[in-house]
Amino acid sequence: MKVIFLRDVSTHVKKGQVKNVSDGYARNFLLPQKLAIPFTKQEEQKVARIKEQRNKENEARLQGDREIIGKLSGQALYFEVKASEDGTLYGGLSRKEIVEKIEKLFKITIEEGVVQLEKPLKKIGQHNVKLLFSSDLSAEIIIELKKTTK
15 MKVIFLRDVS THVKKGQVKN VSDGYARNFL LPQKLAIPFT KQEEQKVARI KEQRNKENEA
75 RLQGDREIIG KLSGQALYFE VKASEDGTLY GGLSRKEIVE KIEKLFKITI EEGVVQLEKP
135 LKKIGQHNVK LLFSSDLSAE IIIELKKTTK
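Just so we're on the same page, my numbering is the position in the sequence shown counted from 1, plus 14.
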């Protein structure tokens, strides 16, 4: 049976997609749960509108990401942190702190997942950090960690 998905069902099936599924799966699960509807010519027009809307949203998001990259690329952020004599931070600088600093300085809202850190920064000095907005949109910023004089 050919169905149109009304919601994202898994990582493989997105809202608005048309797929062939087994009759039993459609009748017993997808249709009663209102996850999908049977495919008809009328519904095909609805799918076209959904796809067009999604494309517009994606284009707007990409344009916004490009503007953010233009503002942030190559910028340096300075943090004064508590550290031991050998330059190791007592805590660690996390993604959340980097995002908060970006939001405060540049008045830009970004998600924590954009900041590519395997683990929090733990050493005094200069660190290059990648901001990954999508597979082909990224920027690199410089994080400068300085020991507080207090």
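Built from N, CA and C at the ideal position, the CB exists for glycine as well. Fair warning: this is a prediction, and the values are worked out from it, not measured in the lab.
Going straight from the alpha carbon of residue i to that of residue j, what length do you get?
i	j	result
Asn142	Gly127	16 Å
Leu159	Glu71	37 Å
Lys110	Glu66	34 Å
Lys133	Gly105	12 Å
Ser108	Arg68	33 Å
What are the boundary residues of the beta strand (DSSP E) that residue i is part of?
i	result
Ala50	50 to 52
Val95	90 to 95
Terminal residues of the continuous alpha helix (DSSP H) containing residue i?
i	result
Phe120	109 to 120
Verify whether the separation of the beta carbon atoms of residue i and residue j is less than 8 Å.
i	j	result
Val17	Leu44	yes
Leu86	Ala153	yes
Applying the criterion that 16 or more other CB atoms from any shown protein chain within 10 Å of the CB defines a buried residue, is residue i buried or exposed?
i	result
Ala50	buried
Glu114	exposed
Ile156	exposed
Gly30	buried
Leu119	exposed
Val129	buried
Tell me the DSSP bridge mates of residue i?
i	result
Asn34	Lys16
His141	Ile157
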